[in-house]
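> Dropping the structure in here first, questions after.
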Amino acid sequence: MRVLPAATLGLLSLTGASAGVQSGVSLADYELGAGAAEHRELPRRLREISGLATTADHRLLAHNDEAGIVFEIDARDGSVVKAFQLADLADPVTDDFEGIAVAGGWIYLVTSSGRLYECREGAAGESVLFRVYATGAGRDCEIEGLAYDEGRRELVLMCKNARRDDLRGTLGMIRWSIDEKALRGDRTVVPVGDFAGRIGANRFQPSGIERHPVSGNYFVVAARQAAIAEVTPAGQVLDVRRFEAPWHRQAEGIAFAPDGALIVADEGGRARGTLTVYPAPER
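Counting in the numbering used here, the sequence shown runs from 650 upward without gaps.
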C-alpha cells in the first residue's frame with residue numbers, strides 16, 4: 650500500500666481509527682456458491698446495468714451505462730418498480746456512467762471521467778433537475794464505481810486504469826466531500842498485485858465498489874476476473890475470491906441489503922442483465 654501526499658495529488662487522506670482493519674462480517678463469511686444464491690434475470694431495458702445503491706429506507710436503485718435514468722428494482726423478483734431521468738430539456742442526459750450512490754437524500758452518479766451528477770429522487774416517469782461537479786479525478790485514472798461513507802460524509806470514487814506514469818500498476822480510492830464539494834487531501838493507492846496475486850491472476854480490474862454496513866470495509870467487484878475483494882479504507886487488501894457461480898459474465902454493480910445480504914448486478918451483453926443475491930452470513 651502506498652499513500653501519495655496531498656501536495657502531489659490533491660486527493661484523499663485516511664488517518665486514525667479508519668486506517669485499521671475493521672471488525673465484523675468479512676468477505677470470507679459469505680457463501681458464494683451457486684446453490685446459496687438467488688439469481689434472476691432483469692427486464693430488457695436493464696441489459697447494460699452498471700451500478701447499484703440502496704436508499705435510506707432500503708430500496709434498491711440502479712442505472713444503465715450511457716443514459717441518466719435511475720431505476721428502482723424489486724430485489725425479490727428483479728422487476729422495475731419505477732424509473733426517472735436526469736433530463737436536459739426532454740431527453741435524458743447521456744454520459745459514460747460508472748456508479749451510483751445515495752447520500753442524505755441526494756442521488757449521485759459518477760462517470761468514467763470523474764464527473765459527479767447530483768439530483769433528488771424523482772417519481773415514476775419524472776424528469777429531474779441536476780447539478781454536475783467536475784471533480785478532476787479523471788485526469789489521474791478512469792473511474793469505475795462509487796460508494797458512500799456516511800460517517801465521513803464522503804463519496805468514494807474507485808480508480809481503475811491509471812492515466813499517469815507514476816500511478817501505473819496501482820488501483821486507488823478517491824474521496825470527495827459532500828459538504829465541501831471538493832476532493833479530500835491524499836489518495837490511497839494499492840498495487841494491483843495485492844488484489845490479483847490472491848487469485849493467481851495478472852490483473853484486477855474493478856467495476857464496482859460498496860461500503861459494507863457492518864465492517865465499514867469496501868467490497869470491490871472485478872468484472873473481467875469474475876472476482877470480489879475486501880479492502881480496508883486505508884487500502885489493506887484482506888481477501889479476494891472468485892465467484893463460483895457460472896452466471897457472473899460481467900459484474901458491474903454491488904450493494905448490500907439491510908440484513909447484510911450481498912447483491913451483485915451483471916451486464917447481459919447480448920442477453921439480459923441479471924441480479925444475484927447472496928444471503929447474509931449467520932452471526
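Even glycine gets a Cβ: it sits at the ideal position worked out from N, Cα and C.
1. What residue does the beta strand (DSSP E) around residue 841 start on, and which one ends it?
2. Residue 733 and residue 699 - do their beta-carbons sit closer together than 8 Å?
3. Could you pull out every unbroken beta strand (DSSP E) segment of at least 3 residues lying fully inside the segment 888-919, listed in chain order?
4. Taking only the alpha-carbon atoms, compute the straight-line gap between residue 849 and residue 818 and give it to the nearest angstrom.
5. Once you ignore the five residues that flank residue 887 on each side, which residues in its own chain have a CB closer than 6 Å to its CB?
6. Do you know offhand how far residue 856's Cα is from residue 820's?
7. Residue 905 and residue 676: beta carbons closer than 8 Å?
8. From the DSSP output, in three-state form, read off residue 737 for me.
9. Using DSSP with H/G/I as helix, E/B as strand and the rest coil, what is residue 670?
10. For residue 704, count neighbouring Cβ atoms within 10 angstroms of its own Cβ and tell me buried if that reaches 16, exposed if not.
11. Mind checking who residue 591 pairs with in its DSSP beta bridge?
12. Checking 8 Å against the spacing of the C-beta atoms, do residue 711 and residue 902 come in under that value?
13. Are the segment 790-799 and the segment 747-761 in contact at 8 Å, needing three or more beta carbon pairs?
14. With 16 other CB atoms within 10 Å as the buried threshold, where does residue 892 fall?
15. Can you tell me whether residue 860 is helix, strand or coil according to DSSP?
16. Can you list, in chain order, the residues of its chain with a C-beta nearer than 7 Å to that of residue 813? Leave out the 5 residues immediately preceding and following it.
17. Considering only C-alpha positions, which residue in the set 889, 885, 877 is nearest to residue 847?
18. Beta carbon of residue 724, beta carbon of residue 912: below 8 Å?
19. So what's residue 827 in DSSP terms, helix, strand or just coil?
Result, derived from the coordinates:
1. For this step, residue 841 is matched to residue 192 along the sequence shown. Residue 841 -> not in any beta strand (DSSP E); alpha helix (DSSP H) instead, spanning 841-845.
2. Your numbering for residue 699 matches position 50 in the sequence shown. Your numbering for residue 733 matches position 84 in the sequence shown. Their beta carbons are not under 8 Å apart, which means residue 699 does not touch residue 733 by this criterion.
3. With a minimum length of 3 residues, the unbroken runs of beta strand (DSSP E) contained wholly in the segment 888-919 fall at 900-905, 911-915.
4. Residue mapping note: residue 849 aligns to position 200 of the sequence shown, counting from 1. Residue mapping note: residue 818 aligns to position 169 of the sequence shown, counting from 1. Rounded to the nearest angstrom, the two C-alpha atoms are 16 Å apart.
5. The count along the sequence shown starts at 1 and reaches residue 887 at position 238. Result list for residue 887: 879, in chain order.
6. To locate residue 856, count along the sequence shown from 1; it is residue 207. To locate residue 820, count along the sequence shown from 1; it is residue 171. Going from the Cα of residue 856 to the Cα of residue 820 covers about 12 Å.
7. As a working note, residue 905 is residue 256 in the sequence shown. As a working note, residue 676 is residue 27 in the sequence shown. Contact flag unset, no.
8. Walking along the sequence shown from the start, residue 737 turns up at place 88. If DSSP states are grouped into helix, strand and coil, residue 737 belongs with the strands.
9. Counting from one through the sequence shown, the residue named residue 670 turns up at place 21. With a pLDDT of 42 at residue 670, under the threshold of 50, the predicted position of this residue should be treated as unreliable, and no value is reported.
10. The residue labelled residue 704 in the question sits at position 55 within the sequence shown. With fewer than 16 other Cβ atoms within 10 Å, it is exposed.
11. As shown, the chain starts at 650 and ends at 932. That puts residue 591 outside it, with no answer to give.
12. In the sequence shown, the residue the question calls residue 711 occupies position 62. In the sequence shown, the residue the question calls residue 902 occupies position 253. Cβ atoms of residue 711 and residue 902: closer than 8 Å.
13. yes
14. The sequence position of residue 892 within the sequence shown is 243, counting from 1. Around the C-beta of residue 892, 16 or more other C-beta atoms lie within 10 Å, and the residue is accordingly described as buried.
15. In the sequence shown, the residue the question calls residue 860 occupies position 211. If DSSP states are grouped into helix, strand and coil, residue 860 belongs with the strands.
16. The count along the sequence shown starts at 1 and reaches residue 813 at position 164. If we look at residue 813 and ignore the five residues flanking it on each side, its Cβ neighbours are 789.
17. Here residue 847 refers to the residue found at position 198 when the sequence shown is read from its first residue. Of the listed residues, the one whose Cα sits closest to residue 847 is 889.
18. In the sequence shown, residue 724 corresponds to position 75, counting from 1. In the sequence shown, residue 912 corresponds to position 263, counting from 1. Yes, the Cβ-Cβ distance between residue 724 and residue 912 is below 8 Å.
19. Counting from one through the sequence shown, the residue named residue 827 turns up at place 178. Residue state, collapsed to three classes: coil.
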